[in-house]
Every structure is written in C-alpha cells, then in structure tokens.
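What follows is one structure encoded as structure tokens, with my remarks underneath.
Numbering (the UniProt record's numbering), first residue to last: 1 to 497.
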C-alpha cells in the first residue's frame, strides 16, 4: 500500500515538487532517494521518490512507475503508445460505483495516469493511487485497460476526468462523469397544510432538488379536477407554484406535489388545503304530514367547516333524545345529514321543528312543518241492479292466445244476488271494488298478452269502450262488463254449434 500526499499540478510552474512515497510491506519502510522527471498535463514535474536501498533489504518493492527517459523524439510514431478506443462518458447514480476505463495499446514502458481536470489533480499513476480519496481505486485489465473506480459516488464527483500517457508531447483523452441524483422535495419553501377562508386566493408551492433538475406536477387525491385561475379545470398542473383563485369548499382536500427527473424513485409530498366556511342548511321537504300513532322521520342537510354542532329544536326548545325522539347525524367530510325520528306520533307532536348547525364562523337553521293527517274510513259502494245487456258480435282482430276453433269456451255462471254478477271468465284488469283505482294502470295494451281466467272473447275490446261510458258508477261498469262477457261467450258458443 502506498500512502502519499496529493499531487496538485498547479505547482508545475513553481519550483520542483517533492512528494514522499513510502512503500510499506511486512518488513517495514525503506528510505532512499533518486530523482525522476515525468511530464503530466504537458508540464514537467520533478518527483523525488524514496524507493529504499535494495542492498540493505532485497525484499523491498521498488517503484518503477515512472519512466526514467520520457523522450520520444527518436521513436517512430507507429511504435508509440496510442489509445485503443475513445473514452465513453459515464453516468452513475449517487451512492453507486462509477467505472472509467482507458484502453491503451502498445504502452511499452510508458506510464498511464488518471487526473481530475477541473481541479488539475493527479489521481493515479499506473497501479498506484496518488489522491487521498479512499473511494478511488485503479485496476489493470487485459494488459491494455486502465480502470478508475469511484465508490459511493457523490454529486461533487461529477466533472471531466483525463486519461494521460506520459509521452513527449503527452497524449490524453477526456471523459465526463455525470452523477445523477434522484429528486428530493425540500421542506422549505414547500408548502405545509394550509387553512384559508372561503373566497380567498391561495398558492401552493413545491421545491425539489435533483440531477437533472426535477419537474414538479400537482395532482389532487382521487383524481379530482383542479380549477385554475382562468377557470379551466384540469387533472394535473405542471409547475412549482399552484394558484387557486377564489377558493371554495369544493377545492378542499389533499394536493400532491410530485417531483420526477427520470431517476428513480419519484417522490411526492401531500399538502392539505383546508377551507373554512360558516354553516349552510337546506331542506328537501319543508312540509311533512303524519297520522296519530305513525312513526315519521324529518331530515335536514348541512355543510360547514370546521365541523358544526348540530341539534333539533321544537317551539324554541332543544329536543332531548329519548324513547320517542331519536336524532342522528351522518357525516361525510364537511357534509352532514341530520335526521330526527318521531315514534308513535301524538297530537302534541305536530308543529314546527328546527334543525340547527353552529360553528366558530356562524350558525344557521332550517324549519320543517309537521302537520296532522286524519285517518279515513274506506267506504264500499254497492252496485245497483242493472239489467243484463246483450252486446252484438264484433269481428275479432289480432292474435288471441289459447283460442281453438272447435273448443267451447268455459263459462261458469254462479248464483248471484240482485246486486252481484259473478262470471267465471271475468278479467283481473280492473277491480270494481276500488273506485279510485286507475284502470289505465291495469290494462295491458298488448292484446296478445291479455290475461283472463277463461278463453279470450272476441268482444273484450269493445267492453273497454263500454266501461268508459259512465266511470262514476262502479256498479254499472261492473254489470256492463259482466253482461258483455256473458253475451259474448254465449254468442261464441252458438256460432261454434
């Protein structure tokens, strides 16, 4: 191992530089001196080398790294050393190892050195490391490649490096070491969580370092849109500063500052934008009816941030939760659904109810009127006696299912009272016992899918027109319908016979 002081070629224009090289082995260090001259960076630098006394210790390792005679005037150009291939620029991530390779053919007894150009510092000569930087090492491969290795690369290591042959004049090649650094977001001036009032302007900032310089992209969590000052809505925004004009509650949430420069990993920082605003209430149903003994639920919706205190009032008195009054609040972000359930409604429960929301910025309320709906007793209408009417045959149109030319229809005439007509083939399309029922909801316009308890009658369509004659008398309609079916079926039977 060789320990040495760093050789700085900036001293080349001054007096000769003497660098002490101490050879260490298991038998100790040996001191001797002879001067040799070697040109680097096209300057002659005198180096005093103490290589020991070989007679006093035959095991001493002698330095032969520097040529005694560097004159090349008498050597033909074809016999001089030359570079076997051009140097390739190297890119290395910070913290990794950088490898710089210099290939030289026909080196003979000439020497190779690696230098740092920007600092004009000799790093290695042949197989020896001159610099004090212990992260650097030199290896010789295949008798023609001189490889400079830099471990745990730092950003300060980037720059130009020279591989030099100590011919006269010297020959050299230059390589650039690019050290890339993954992005890193700075704590300052990057924004932290921000609290603003609704309607104000806000700017979110993000700063990051890295090599190459990273690009900054802003996004919202959940891929929600960002509203720019121009009014344009975008999913992402490129730039270190994101400005939101006239911020509102819809702008509240998490924003992501993402820094990327192509060197993994990409990093991000989460910035919460909190918007403060006073409570707001809206009510979908302001009038709600209920009967005595019924259970009813009243509902309000509110928005507020900071979160509001919510409660219900009746007749300017706060409703205390109990067995019959059950309030509840369903929260989702800054939104709250307020409900109160009144069980087994009593006469004293009717009146005006208020839902109230309060926070540090203000308060508001909304009113719901609960009114009484009286019970109604259903009435049954008895149809008057109406003579049976025979309806003439009408030509059948359309397709009727389950109708065969030689099949006798099944008619079941049951004993009836003077106010009742019961026919086995009566359709279930309309219930005459319910005068308020909308018959149009029961009638199927598709006659092919017409439903009845018996075979289809060719006069069923005409019956629809008859029933519209007098909709106010449900009994007349029922008897007319029954009479129509009976006459139609009897006529159909006669035709078949």
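Backbone N, C-alpha and C fix where the C-beta goes; we use that ideal spot for every residue, glycine too.
Pick from 171, 124 and 76 that is closest to residue 86, judged by C-alpha positions: 171
Short Cβ contact (8 Å threshold) for residue 205 with residue 240: yes
Sufficient close CB pairs (3 or more, under 8 Å) joining the stretch 136 to 144 to the stretch 190 to 200: no
Spatial neighbours of residue 101 in its chain, beta-carbon cut-off 7 Å, leaving aside the 5 residues before and after: 145 and 147
Straight-line gap, residue 263 to residue 182 (C-alpha atoms, nearest Å): 5 Å
Check whether residue 249 and residue 303 have beta carbons under 8 Å apart: It is a contact, given that the beta carbons lie within the stated cut-off.
Nearest neighbour of residue 188, chosen from 155, 365, 124 and 208 [CA to CA]: 208
Distance between beta carbons of residue 149 and residue 136, contact taken as under 8 Å: 7 Å
Beta-bridge pairing of residue 265 - partner residues as DSSP gives them: BP columns for residue 265 are empty, so no partner.
Given residue 174 as reference, the closest of 203, 246 and 117 once Cα atoms are compared: 117
Other residues of its chain near residue 283: CB distance less than 7 Å, five sequence neighbours each side excluded: Cβ within range, chain order: 300, 366 and 368.
Residue 222, DSSP secondary structure in three states: helix
Cα-Cα separation between residue 259 and residue 133, rounded to whole angstroms: 33 Å
Proximity of residue 123 and residue 115 at Cβ, strictly below 8 Å: yes
Alpha carbon of residue 103 to alpha carbon of residue 126, nearest angstrom: 13 Å
Cβ pair count under 8 Å reaching 3, the stretch 265 to 285 against the stretch 224 to 234: Taking a contact to require three or more Cβ pairs closer than 8 Å, the stretch 265 to 285 and the stretch 224 to 234 do not qualify as touching.
Under 8 Å between C-beta atoms of residue 315 and residue 356: no
Whether residue 178 touches residue 89 by CB criterion (8 Å): yes
8 Å CB neighbourhood of residue 224 in its chain, flanking five on each side removed: The answer, listed in chain order, is 253.
In chain order, each alpha helix (DSSP H) run of at least 4 residues that lies wholly inside the stretch 309 to 369: none
Residues bridged to residue 102 [DSSP beta-bridge criterion]: 146
Cα-Cα separation, residue 296 to residue 349: 11 Å
C-alpha gap between residue 83 and residue 76, whole angstroms: Roughly 16 Å between the two C-alpha positions.
Contact check, residue 216 vs residue 257, beta carbons under 8 Å: Going by C-beta atoms, residue 216 is nearer than 8 Å to residue 257.
Pair within 8 Å by beta-carbon distance, residue 157 and residue 245: no
First and last residue of the uninterrupted beta strand (DSSP E) at residue 207: Note, residue 207: premise wrong, no beta strand (DSSP E); not H, not E.
Boundaries of the beta strand (DSSP E) in which residue 140 is found, first to last residue: Unbroken beta strand (DSSP E) run through residue 140: 136 to 141.
Residue 123, enclosing beta strand (DSSP E) - first and last residue: Counting along the chain, the unbroken beta strand (DSSP E) around residue 123 starts and ends at 121 to 125.
DSSP-derived helix/strand/coil call for residue 87: Residue state, collapsed to three classes: coil.
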